[in-house]
Amino acid sequence: MTLEVRQLETSITEAAQTLLEESDPAYLQGLTRHALSGTLEVELNFLGFCRHDNIEAQEVVRNTIARHLTHWMDSIHHLSLDA
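Numbering-wise (my numbering), the sequence shown opens with residue 1 and increments by one.
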C-alpha cells in the first residue's frame, strides 16, 4: 500500500467520522448497513474524495468504509443508548 493510499484512507476515515458525528442520530439509527455504506460513499464522493473516472480512489473509499462500518454502526447504536 502506498503512502498516498494510506493518507487517502486516513482522510476518508476522519471525514466519515465527522459526517457521522454531525448527522442526526435518529436518521443514522434507522439505516441498514447497506444504506449507511451507500450514504457514506455518496457523501464522501460529494466532498471530493474521488472523481467518477478514478476507479482506484472509488475502491479506496469503498474498502475504507467496509473496514470501519461495524465500528461506526456500533457507535451509532451507543448514541441511542446514551439518549
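A virtual CB, placed ideally from N, CA and C, is assigned to each residue, including glycine. Note that the structure is a prediction, hence the values are computed from the model and not measured.
Residue environment, residue i, which counts as buried when at least 16 other CB atoms sit within 10 Å
i: I55; result: exposed
i: A26; result: exposed
i: L3; result: exposed
Pick from the options that is closest to residue i, judged by C-alpha positions
i: T18; options: Y27, L40, H34 and V60; result: L40
i: D74; options: T32, E14 and R6; result: T32
i: I12; options: H77, I76, R67 and H78; result: R67
i: E122; options: H78, I76 and W72; result: This structure does not reach residue 122, given that the chain is present from 1 up to 83, and the question cannot be answered.
Under the three-state DSSP convention, the category residue i falls into
i: T32; result: coil
i: H52; result: coil
i: M1; result: coil
i: L47; result: coil
Straight-line gap, residue i to residue j (C-alpha atoms, nearest Å)
i: A16; j: A35; result: 14 Å
i: D24; j: S37; result: 16 Å
i: L47; j: V60; result: 15 Å
i: L20; j: R51; result: 22 Å
i: T84; j: V42; result: What is shown of the chain runs 1 to 83, which leaves residue 84 out entirely.
i: M1; j: T10; result: 13 Å
Residues of its chain near residue i, where Cβ-Cβ distance is below 6 Å and the 5 sequence neighbours each way are ignored
i: G30; result: none
Close beta carbons around residue i, own chain, < 7 Å, minus the five adjacent residues each side
i: L44; result: I12, A15, A16 and V61
i: Q58; result: C50
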